[in-house]
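The next block holds one structure in the form of C-alpha cells; read it before the comments.
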Amino acid sequence: MSLFERVEIVAVIVQKFGGTSVANAGKIRQAAQRAVDAKRKGYDVVVVVSARGHKTDELVDLAAEITKTPRPREMDMLLSTGEQESVALMAMAVHELGEEAISLTGAQIGVLTDTTHTKARIVSISTQRMRELLSAGNIVIAAGFQGVDSNMNITTLGRGGSDTTATALAAVMNAELCEIYTDVEGVFTTDPRLVSSARKVERISYDEMLELASLGAGVMHSRSIEFAKKYRVHLRVRPSYSDGPGTLIAPEADGVTSIVSGVAFVRNEALISLVGLPDQPGVMSGLFTALSSAKIPVDMVVQNVAREGYANVSFTVAEDELPAAMKVVQVTAQSLGAQEVTTQTGLSKVSIVGHGMQSHTGVAARMFQVLAKHSINIKVVTTSEIKISVLIDRERCSDAVLAVHEGFELHQASAALPQVGYVATSRRNGASDASQAAVADDIVSRLEGMESILVSDVSADMNQSRVTLSNLPDESGIAEDIFTAIAEGGVLVDMIVQNVARDNRATISFTVPFGDLDRSLLLLREALERYEGSAVTSDRHIGMLTIAGIGLRSHTDVGRRVFRTLGDNGINVQMINTSEIKLSIVISASECDRALQLLRAEFGLT
Ligand code: ADP
Ligand code: ASP
Ligand code: MG
C-alpha cells in the first residue's frame, strides 16, 4: 500500500470489567457480549479483565494461612493468577459468540513495570502485539493489574490496579474511549453503599476524581486517573448490569462547578507523630527520604509552626502500613534528634472535594459546623485548593460521612450539568498511515516512563499571611467557631493545618490573603476570648510555594525531592499541605525567590 493511499483507521475502544462484572459464567458471557457488540459496530476492541469476584481476597487470605510475612515477589506470582483465569474464560466466551479473541497476560502484552512488587508502576507498554492481533480481527483480552519487570518477574500494580491497566492501554492505543464497567451506576457523590441518598454524577473533572480516588473513593484506582489526565483518555464509568450512561470523567467543564462534588473516606488510618524535632532545615528531607525509599506514601502531613526551637511533625499512613512505616520512622527519628515518636490507630479520614472551594468562602466553616453539630472531634485538618480532609475517630466515620453529605446537600444536583458525552463514532476516516504512525510515535515518546512523576509547574505566592492559634482546647466545635468567624467576615482561607493535640491543647494554622490579615485578626478576637489561655500569632509576610502536577502524593518521590532541595539549601519549612495535584509549602518570605529558583531547577522547569 502506498504511503499516500487513504485508508480507514479503525477506532480503538477499551472496555474494562471489574471483579463482580465477571464473577460467574453468566456475567462473563454478558461482558463478552458487550465486547462483541462494540466489535460489530466497527471498533477494534481491547478488553481488560479483573480477577473474578473475591478471587484476589481469597488468594490473599490463603497466603496468610501459610505465612504472616509472604515475600512480595511470591504474592505477585500468586495474585496475578486471578486475572489469568479471567482472561482465558473471557476469550472462550467471545469465541462462543462467534468472534475471534486472544487472551494475553501483562507480560505477553509487554507491560513493563519497575521492580516494586505489589505496587509496581508502569514504565512502558508495547503496542505491537496488540496492534497485530487487532488487525488480524481479534478482540484482545488483556489481564489487568499485572506486568513484568526487566528481569521477567511478574509484578502487580496494587489493589484495584486493573483500572490503571485499562487507562494505560487506552493511552498507548490512542483509544477513542475507555469504558470502566462496574457494579454501580457510575461515580456517586459518596459511596452509595454507605449513603443511600448519594447521587450519581453525570460528569466529573479529572482533578476532582483524582482527589476523590486518592482520598478513598474506591470506585476508581487513583493512578488510573493520573493516566487519564496525563494522556487525555476519555473515561466513562458505567454499570455492567444495564445500559445506564454512567459518569464521564473529563476535563473541567466551563462554568459548571459545584462547590463540593463528593465526600470520600478512608476507614483505617494510623497517625505517626515525631515530637520535639529540632526546628532546622533538613528535618523534613530526612523523614521524606526515608519513607520514600521504603515506598510508603505519607498522607496527611502536618507540621506545626515551631515553638521554642522545636517542631512536631505528624502524618498518617494506611493502618496496614504502620509496621513498615514505624520500622523506618524509629531509625530516622533517632538520627533527626526527635524527643519522642507516638502513634495512634483507630482513626478515619473524611474528605470533601470540589473545584468550587477555590473561590467560595466558608466551605471549611460549613464542614466544621456540620461535624461540631454531631459532636465529632477533629484531630487533624489538612486542605488543598480543592479538598479538605479531617482525621477523626473511626467509630464516628460513617456518621461523619452521612452528616457532611447531608450538610452540603449533595443528594441534590446544585446545577444542571450538561450531559457532555464523547459520542462514539465507529470509524475515523481520512487519516493516512503516515499520519497514524506519527501519532503513534508521538504517543510512545510521550509515554516514556509512563508513570513517572509529572511536575508541571512550581510557583510562588507572596500575597499570603499566616495566622496560628495555639493552646486551644481539644474539643469538637473549636474549628467551627474559628472558621465561622472568618467566613462571616468574607475572608477566603487558603491553607489550613491542624496538628494533633498535645496535652489536650490544639494548634491550628492557616493562611489568608495579605490584605485580609488585620480583619481576620479582629474577627478572631471575639471567638478566642471564649478559650482561656489561647494565643494568636501571625506572620504578615510568608512565601507560599506551590508545586503542581499529577500524582504528587502517591509518588512519594516528589516530597523527597522538594524537601531535599529545600533542606540542602538551608531553607526551613513552616507549613505543608499535600494533595494529588498540588503540594504547598510555607516558608519565610525572604527565602521565597531562592526556593522558587531551586525547585524549578530541580524539576527541570525553566
Ligand atoms: P470493580 O470490581 O468493578 O473494580 P470496585 O469494588 O473496585 O469495583 O468499585 C466499585 C465500588 O466502589 C462500588 O461498589 C462502591 O461501593 C464503591 N465506591 C466508593 N466510593 C464510590 C463513589 N464515590 N461512587 C461510586 N462507587 C463508590
Ligand atoms: N484483582 C485486583 C484486586 O482485586 C485488581 C482489580 O480488581 O482491579 O485488587
Ligand atoms: Mg476496582
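Each step along the sequence shown adds one to the number in my numbering, with nothing skipped, and position 406 is 514.
Cβ atoms here follow ideal geometry from the backbone N, Cα and C, with glycine treated the same way.
Which term fits F125, buried or exposed, when burial requires 16 or more other beta carbons within 10 angstroms of its beta carbon?
With 16 or more other Cβ atoms within 10 Å, it is buried.
Expressed to the nearest angstrom, what Euclidean distance is found between the alpha-carbon atoms of P353 and E293?
The straight-line gap from Cα to Cα measures roughly 8 Å.
Please say whether I658 and L691 have beta carbons closer to each other than 8 Å?
Result no, Cβ atoms of L691 and I658 do not sit closer than 8 Å.
Got a sec? Which residues, its chain only, sit under 8 Å from R340 by beta carbon, not counting five neighbours each side?
Cβ within range, chain order: P359.
Compare the beta carbon distance of V425 and A433 with 8 Å and say whether it is the shorter of the two.
It is a contact, given that the beta carbons lie within the stated cut-off.
CB of D299 to nearest heavy atom of the ligand ADP: below 7 Å?
D299 Cβ: within cutoff of the ligand ADP.
Look at the alpha carbon of S366 and the alpha carbon of L186, and state the distance between them as a whole number of angstroms.
Spanning the two alpha carbons is a distance of roughly 43 Å.
Classify A199 as buried or exposed, calling it buried when 16 or more other Cβ atoms lie within 10 Å of its own Cβ.
Counting Cβ neighbours within 10 Å, A199 comes out buried, since at least 16 surround it.
Give the single residue among E583, L479, S330, N132 whose Cα lies nearest to the Cα of N612.
The shortest Cα separation from N612 among E583, L479, S330, N132 belongs to E583.
Where does V694 sit, in a helix, a strand or coil, going by DSSP?
Strand.
For V161, does the three-state DSSP call read helix, strand or coil?
Looking at the sequence provided, one finds Gly at residue 161 rather than Val. Coil.
What does the shell around the ligand MG hold, if a residue joins when its beta-carbon is under 6 Å from any heavy atom?
Working through the chain, the matches are G126, G268, D271.
Would you list, in sequence order, the uninterrupted alpha helix (DSSP H) runs of no fewer than 4 residues that lie entirely inside the stretch 296–328?
DSSP runs (the alpha helix (DSSP H)) wholly in the stretch 296–328: 314–322.
Any heavy atom of the ligand ADP closer than 7 Å to the Cβ of A139?
False, no ligand heavy atom lies under 7 Å from that Cβ.
Can you check DSSP and say which residues form a bridge with M652?
M652 is bridged to D569, V694.
Under the three-state reduction of DSSP, which class applies to P431: helix, strand or coil?
Helix.
Identify, in the order they occur along the chain, each residue of the same chain with its Cβ nearer than 8 Å to the Cβ of T451, setting aside the five sequence neighbours on each side.
If we look at T451 and ignore the five residues flanking it on each side, its Cβ neighbours are A378, L379, I380, S381, L430, M434.
Residue ranges of each beta strand (DSSP E) run of no fewer than 3 residues wholly in the stretch 358–386, ordered along the chain?
Counting only runs of 3 or more, we get 370–386.
With R344 as the anchor, note down where its beta strand (DSSP E) starts and where it stops.
Run containing R344: 343–347, per the beta strand (DSSP E) assignment.
So, for A593: in the same chain, excluding its five sequence neighbours on each side, which residues have a beta-carbon less than 8 Å away from its beta-carbon?
Around A593: L631, L632, E634, A635.
Beta-carbon separation of L318 and E688 under 8 Å?
Closer than 8 Å, so yes.
For E699 and I679, what's the separation of their Cα atoms in angstroms?
Roughly 7 Å between the two C-alpha positions.
If distances are taken between C-alpha atoms only, which option among L479, N261, S194, Q141 comes closest to V153?
Minimum Cα distance to V153 is reached at Q141.
Round the Cβ separation of V309 and I684 to the nearest angstrom and send it over; I've been treating them as touching at under 8 Å.
That pair is no contact at about 31 Å.
Just reading off the alpha helix (DSSP H) that P180 is part of, what are its end residues?
180–204 is the span of the alpha helix (DSSP H), which, as asked, contains P180.
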